[in-house]
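Going down the list, the protein sequences come from chains E, X and D.
Each residue of the first sequence is one higher than the one before, counting from 63 in the numbering used here.
Each residue of the second sequence is one higher than the one before, counting from 63 in the numbering used here.
Each residue of the third sequence is one higher than the one before, counting from 63 in the numbering used here.
Worksheet for the structure shown next.
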Amino acid sequence: MLTERPLITLLTDFGTTDYFVAALKGVILSINAHVHIVDITHEIPSHDIEAGAFTLLASHRAFPRNTIHVAVVDPGVGSARRPVLVVAGQQFFIGPDNGIFSYIFEAESEYQIFELKKEQYFRHPVSATFHGRDIFAPVAAFLSNGVRPADFGKEINDEVRLSPLKARPLKNGNLEGRIIHVDRFGNCITNITRDLLIKRDESRARLRVNGTTIRSFREFFSDEARPTRKLFGLWGSAGFLEIAVNSHSAAEMLGVRRGEPVILEIK
Amino acid sequence: MLTERPLITLLTDFGTTDYFVAALKGVILSINAHVHIVDITHEIPSHDIEAGAFTLLASHRAFPRNTIHVAVVDPGVGSARRPVLVVAGQQFFIGPDNGIFSYIFEAESEYQIFELKKEQYFRHPVSATFHGRDIFAPVAAFLSNGVRPADFGKEINDEVRLSPLKARPLKNGNLEGRIIHVDRFGNCITNITRDLLIKRDESRARLRVNGTTIRSFREFFSDEARPTRKLFGLWGSAGFLEIAVNSHSAAEMLGVRRGEPVILEIK
Amino acid sequence: MLTERPLITLLTDFGTTDYFVAALKGVILSINAHVHIVDITHEIPSHDIEAGAFTLLASHRAFPRNTIHVAVVDPGVGSARRPVLVVAGQQFFIGPDNGIFSYIFEAESEYQIFELKKEQYFRHPVSATFHGRDIFAPVAAFLSNGVRPADFGKEINDEVRLSPLKARPLKNGNLEGRIIHVDRFGNCITNITRDLLIKRDESRARLRVNGTTIRSFREFFSDEARPTRKLFGLWGSAGFLEIAVNSHSAAEMLGVRRGEPVILEIK
Numbered sequence: 063m064l065t066e067r068p069l070i071t072l073l074t075d076f077g078t079t080d081y082f083v084a085a086l087k088g089v090i091l092s093i094n095a096h097v098h099i100v101d102i103t104h105e106i107p108s109h110d111i112e113a114g115a116f117t118l119l120a121s122h123r124a125f126p127r128n129t130i131h132v133a134v135v136d137p138g139v140g141s142a143r144r145p146v147l148v149v150a151g152q153q154f155f156i157g158p159d160n161g162i163f164s165y166i167f168e169a170e171s172e173y174q175i176f177e178l179k180k181e182q183y184f185r186h187p188v189s190a191t192f193h194g195r196d197i198f199a200p201v202a203a204f205l206s207n208g209v210r211p212a213d214f215g216k217e218i219n220d221e222v223r224l225s226p227l228k229a230r231p232l233k234n235g236n237l238e239g240r241i242i243h244v245d246r247f248g249n250c251i252t253n254i255t256r257d258l259l260i261k262r263d264e265s266r267a268r269l270r271v272n273g274t275t276i277r278s279f280r281e282f283f284s285d286e287a288r289p290t291r292k293l294f295g296l297w298g299s300a301g302f303l304e305i306a307v308n309s310h311s312a313a314e315m316l317g318v319r320r321g322e323p324v325i326l327e328i329k
Numbered sequence: 063m064l065t066e067r068p069l070i071t072l073l074t075d076f077g078t079t080d081y082f083v084a085a086l087k088g089v090i091l092s093i094n095a096h097v098h099i100v101d102i103t104h105e106i107p108s109h110d111i112e113a114g115a116f117t118l119l120a121s122h123r124a125f126p127r128n129t130i131h132v133a134v135v136d137p138g139v140g141s142a143r144r145p146v147l148v149v150a151g152q153q154f155f156i157g158p159d160n161g162i163f164s165y166i167f168e169a170e171s172e173y174q175i176f177e178l179k180k181e182q183y184f185r186h187p188v189s190a191t192f193h194g195r196d197i198f199a200p201v202a203a204f205l206s207n208g209v210r211p212a213d214f215g216k217e218i219n220d221e222v223r224l225s226p227l228k229a230r231p232l233k234n235g236n237l238e239g240r241i242i243h244v245d246r247f248g249n250c251i252t253n254i255t256r257d258l259l260i261k262r263d264e265s266r267a268r269l270r271v272n273g274t275t276i277r278s279f280r281e282f283f284s285d286e287a288r289p290t291r292k293l294f295g296l297w298g299s300a301g302f303l304e305i306a307v308n309s310h311s312a313a314e315m316l317g318v319r320r321g322e323p324v325i326l327e328i329k
Numbered sequence: 063m064l065t066e067r068p069l070i071t072l073l074t075d076f077g078t079t080d081y082f083v084a085a086l087k088g089v090i091l092s093i094n095a096h097v098h099i100v101d102i103t104h105e106i107p108s109h110d111i112e113a114g115a116f117t118l119l120a121s122h123r124a125f126p127r128n129t130i131h132v133a134v135v136d137p138g139v140g141s142a143r144r145p146v147l148v149v150a151g152q153q154f155f156i157g158p159d160n161g162i163f164s165y166i167f168e169a170e171s172e173y174q175i176f177e178l179k180k181e182q183y184f185r186h187p188v189s190a191t192f193h194g195r196d197i198f199a200p201v202a203a204f205l206s207n208g209v210r211p212a213d214f215g216k217e218i219n220d221e222v223r224l225s226p227l228k229a230r231p232l233k234n235g236n237l238e239g240r241i242i243h244v245d246r247f248g249n250c251i252t253n254i255t256r257d258l259l260i261k262r263d264e265s266r267a268r269l270r271v272n273g274t275t276i277r278s279f280r281e282f283f284s285d286e287a288r289p290t291r292k293l294f295g296l297w298g299s300a301g302f303l304e305i306a307v308n309s310h311s312a313a314e315m316l317g318v319r320r321g322e323p324v325i326l327e328i329k
């Protein structure tokens, strides 16, 4: 076994009302009864690979070395898209080769990708519509039992990638980004990271989004004696610039959703 | 103990916003701290025994031998309906005798049912409204600790049953079925299984549902170069004929919900 | 370690669509891989401290001795509110000092509160907006590893409290209470407990709520041959007087929500 108590996380768009998630867990525990399974979320919007990729990026670093992450947002299940195992940042990632691991590739300097080919590690018969249960879950369980990554199939290097997550510096020195996630509280997470601001004066920055200009930047949510409904920027817990407002939804106030462009102006 | 690391699953209509599910887990772990608890789902529609029975059927086979399934969809809690323990397919099922185990009885050739009578295995005082916490959870935990099924009460054989799940062959050779589940993606799972088609030519079948005729049968969801909004049938991961459409809700397109009749015509 | 297999529960308003809950679990398992984590709920309404306090009260007693409960409903995260560890009823409670543990203080005769000050038990850098991940989760994990409560910081006794949960006896002998929770089934849980009725004749009681008078008190939900849509009172599984109706939502029928006043008249 990889570790004394192997850890497998699950991230899917299966929801929690059907039997899908339970089927994955049953298959995993049938192969390795000692594994610890943690749900990251099953509420990724149906078929939304980008949302899955972001949530995996934001959560994986909290987990220990050797954690095995199974990520199944898989609109192309049953078609030619390849099932893969990724080794990156001393962790493992298993799922379809459809871009869901893009931001992990972007965040980690080194990684290896193996195509899952060896059918002895699959559950049979392999359903054409449920590779989560029949390929990804059993491969994760066998990996937790000590099977080596290269045993599952050959290394590949022509993986599918989403467009880059990182915000883009413009010629005039501003940053062009976008909202990459709206969380449960209505906070808007942008793809602007602090390292892009090196040598710039944050206190003179202005954030423009959907016709609104935000000039206030704070350290935390309740940074006022009397909370007002004023939008502000803050460096969020996932490492990105967020747009927030006290006890209300910034997304609703701004009238925006994921994908909305954001410009950070630095005079 | 039954196994080195006993496994208890939970399937309820409790939702996840209240303290109900946590109370079950606390009771189980108070009796056997080594048990592994897996949620199947807590989002069965309130009091919908048929939905609970289907989800239990669809998920139980992914779990290993000796798994203990606790299923609590229990509109009659506190009344005369009996609490039972079922032994079937080398697994255990604990819950009310109200039909929730019907499809397990239908799927497994042999089974035994014990009425839960021995109050020393209950949590006291037994609330009249929460047998999940006070009867089913502790019985599951004691079973995982090695108490034998017959120790909980006498065997019975007049169990409550729902109407049969299986589709019905008509005199003209067609199959009359119904939609038994609509999943999160809007796929409509029917009660038609492939064994009913033995010796028939699947390629000449037609599926009629709510005024729509479906002639296309596929192997998986994305079986087209360019996905269209065309309904098709496919043999789903739970072993039943499903009606689906690429990246959209088949249930919405058909205007149907669970219970809708389906006719499979085979010329 | 506290016990052979330490148990940590999580109660938050984080929802299950974001990466927040997974981050807590990853941090805990990075520090103690042997801990068993149980979700109480993550669906507390955003920033609703009172709802969190009630759910914690209703669920904690089902858990065994030495259970560590992490409760994060924390609108003031990052501000001056103190992070605390509470020892009460042979269990542990970790979260913000904002009233979320009020009903535990009310229910347990003795308790101790320690302010979390020792930064060596925090995750660094401590985000200003996510103390769940950076303070509460690691402190819970270190506690499960055997660090003693007093090692995390000094004892305090000026804790923040919500208004008392208990119903109030009026001069005329009646009880004035309120609805403290509406559960998934629409049952209305009041803050009236049976001990307040000592020496009173329950059979002559009347419950008044939002213009409706309820005269029927029952032992369980389905206490009728033919269920009717008649409201009734019953002593619920959490120990409080509940208002219910068979197979429908009492809250909807009464047109009430949490906070609605309730008068119990006893002639």
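Glycine included, C-beta positions come from ideal geometry on N, C-alpha and C.
These numbers were taken from a predicted model, which means no experiment stands behind them.
TODO: Write down the C-beta distance between residue 294 of chain X and residue 306 of chain X rounded to the nearest angstrom, noting that I regard them as a contact closer than 8 Å.
DONE: At roughly 6 Å, the Cβ-Cβ gap stays under 8 Å, so residue 294 of chain X and residue 306 of chain X are in contact.
- [ ] Compare the C-beta of residue 167 of chain D against all C-beta atoms of chain E and say whether one is closer than 9 Å.
- [x] Judged by the 9 Å Cβ criterion, residue 167 of chain D is not in contact with chain E.
Task: Residue(s) in a DSSP beta bridge with residue 153 of chain X - done: According to DSSP, which records beta bridges pairwise, residue 153 of chain X is partnered with X:150.
Task: Candidates X:146, X:170, X:168, X:171: closest to residue 160 of chain X by CA position - done: Considering only X:146, X:170, X:168, X:171, the residue with the shortest C-alpha distance to residue 160 of chain X is X:146.
Open item on the list: Looking at residue 118 of chain D: is its Cβ nearer than 9 Å to the Cβ of residue 176 of chain D?
Closed with: Cβ distance not < 9 Å, so residue 118 of chain D and residue 176 of chain D don't count as in contact.
TODO: State yes or no: is the beta carbon of residue 63 of chain X nearer than 9 Å to at least one beta carbon in chain D?
DONE: Here residue 63 of chain X scores only 44 on pLDDT, less than 50, and its place in the model is too uncertain to base an answer on.
Task: Candidates X:292, X:73, X:237, of which the one nearest residue 274 of chain X by Cα - done: Among X:292, X:73, X:237, the Cα nearest to that of residue 274 of chain X belongs to X:292.
TODO: For my contact list, residue 268 of chain X and residue 277 of chain X are in at a C-beta cut-off of 8 Å; report their separation, rounded to the angstrom.
DONE: About 5 Å separates the two Cβ atoms, so the contact holds.
Task: DSSP three-state assignment for residue 211 of chain X, whether helix, strand or coil - done: DSSP, read as helix, strand or coil, puts residue 211 of chain X in helix.
Task: Nearest-angstrom Cα separation, counted from residue 243 of chain E out to residue 198 of chain D - done: Here the alpha carbon of residue 198 of chain D sits roughly 25 Å from the alpha carbon of residue 243 of chain E.
Task: Cβ shell of residue 204 of chain D (< 7 Å), same chain only, five flanking positions each side left out - done: Once the five neighbours on either side are set aside, the close Cβ partners of residue 204 of chain D are 93, 183.
Task: Three-state secondary structure assigned by DSSP to residue 200 of chain E - done: It is helical.
- [ ] Taking a Cβ distance cut-off of 9 Å, strictly less, list which residues of the region 226-247 of chain D are near chain X, in chain order.
- [x] So the close ones are 243, 245, 246, 247.
Open item on the list: Measuring straight from C-alpha to C-alpha, what distance separates residue 113 of chain E and residue 103 of chain X?
Closed with: Between residue 113 of chain E and residue 103 of chain X, the C-alpha separation is close to 23 Å.
Task: beta strand (DSSP E) runs contained entirely in the region 234-310 of chain D, provided each spans 3 or more residues - done: Residue ranges of uninterrupted beta strand (DSSP E) with 3 or more members, entirely inside the region 234-310 of chain D and ordered along the chain, are 237-244, 250-255, 267-271, 274-276, 294-297, 302-306.
Open item on the list: Checking 9 Å against the spacing of the C-beta atoms, do residue 135 of chain E and residue 98 of chain E come in under that value?
Closed with: For residue 135 of chain E and residue 98 of chain E, no; Cβs fall outside 9 Å.
TODO: Consider the C-beta atom of residue 252 of chain X and the heavy atoms of the ligand MN; say whether any pair is separated by less than 8 Å.
DONE: Of ligands this structure carries none, so the ligand MN is not represented either.
TODO: Specify the secondary structure class of residue 205 of chain E as computed by DSSP and reduced to three states.
DONE: If DSSP states are grouped into helix, strand and coil, residue 205 of chain E belongs with the helices.
Open item on the list: Can you confirm whether residue 125 of chain E, when its beta carbon is compared against all beta carbons of chain D, has any partner nearer than 9 Å?
Closed with: Chain D, which has a Cβ nearer than 9 Å to the Cβ of residue 125 of chain E, makes this yes.
Task: residue 311 of chain E to residue 139 of chain D span [Cα, whole Å] - done: C-alpha separation (whole angstroms): 17 Å.
Task: Opposing strand residues paired with residue 133 of chain D [DSSP bridges] - done: Answer is D:73.
Open item on the list: If you measure between the beta carbons of residue 185 of chain X and residue 152 of chain X, is that distance less than 9 Å?
Closed with: Not in contact: residue 185 of chain X and residue 152 of chain X (Cβ atoms no closer than 9 Å).
TODO: Check the Cβ of residue 89 of chain D against every Cβ in chain E and list those closer than 9 Å, keeping chain order.
DONE: Per Cβ cutoff of 9 Å: 124, 125.
Task: Sequence-distant residues of its chain with Cβ nearer than 8 Å to residue 265 of chain X (five each side left out) - done: Cβ neighbours of residue 265 of chain X beyond the five flanking positions: 279.
TODO: Pick helix, strand or coil for residue 176 of chain X, following the three-state DSSP scheme.
DONE: In the three-state reduction of the DSSP assignment, residue 176 of chain X falls in the strand class.
TODO: Give me the Cβ distance between residue 257 of chain X and residue 251 of chain X, rounded to the nearest whole Å; I'm assuming they're in contact under 8 Å.
DONE: Actually they are not in contact, since the Cβ atoms of residue 257 of chain X and residue 251 of chain X sit about 16 Å apart, beyond 8 Å.
TODO: Check whether the Cβ of residue 105 of chain D lies closer than 9 Å to any Cβ atom in chain X.
DONE: It does; some Cβ of chain X falls within 9 Å.
- [ ] Taking all protein chains shown into account, decide if residue 178 of chain X is buried (16 or more other Cβ within 10 angstroms of its Cβ) or exposed.
- [x] Buried, since its Cβ has 16 or more Cβ neighbours within 10 Å.
Open item on the list: Is residue 83 of chain X close to chain D? Criterion is C-beta to C-beta, closer than 9 Å.
Closed with: Answer yes: the Cβ-Cβ gap between residue 83 of chain X and chain D drops below 9 Å somewhere.
Open item on the list: Check for me: the alpha helix (DSSP H) holding residue 117 of chain E runs from which residue to which?
Closed with: Residue 117 of chain E -> alpha helix (DSSP H) spans 111-122.
Open item on the list: Excluding the 5 residues flanking residue 190 of chain X on each side, which residues of the same chain have their C-beta closer than 6 Å to its C-beta?
Closed with: Closer than 6 Å at Cβ, skipping near neighbours: 140.
Open item on the list: Can you confirm whether residue 196 of chain X, when its beta carbon is compared against all beta carbons of chain D, has any partner nearer than 9 Å?
Closed with: Yes, its Cβ sits closer than 9 Å to a Cβ of chain D.
Open item on the list: Can you confirm whether residue 192 of chain D, when its beta carbon is compared against all beta carbons of chain E, has any partner nearer than 9 Å?
Closed with: With its beta carbon less than 9 Å from one in chain E, residue 192 of chain D belongs to the interface.
Task: Under the three-state DSSP convention, the category residue 328 of chain E falls into - done: Three-state DSSP puts residue 328 of chain E in a strand.
TODO: Note the first and the last residue of the continuous beta strand (DSSP E) segment covering residue 102 of chain E.
DONE: Run containing residue 102 of chain E: 98-103, per the beta strand (DSSP E) assignment.
- [ ] Please report how far the alpha carbon of residue 232 of chain E lies from the alpha carbon of residue 67 of chain D, in whole angstroms.
- [x] Residue 232 of chain E and residue 67 of chain D: Cα-Cα distance of roughly 54 Å.
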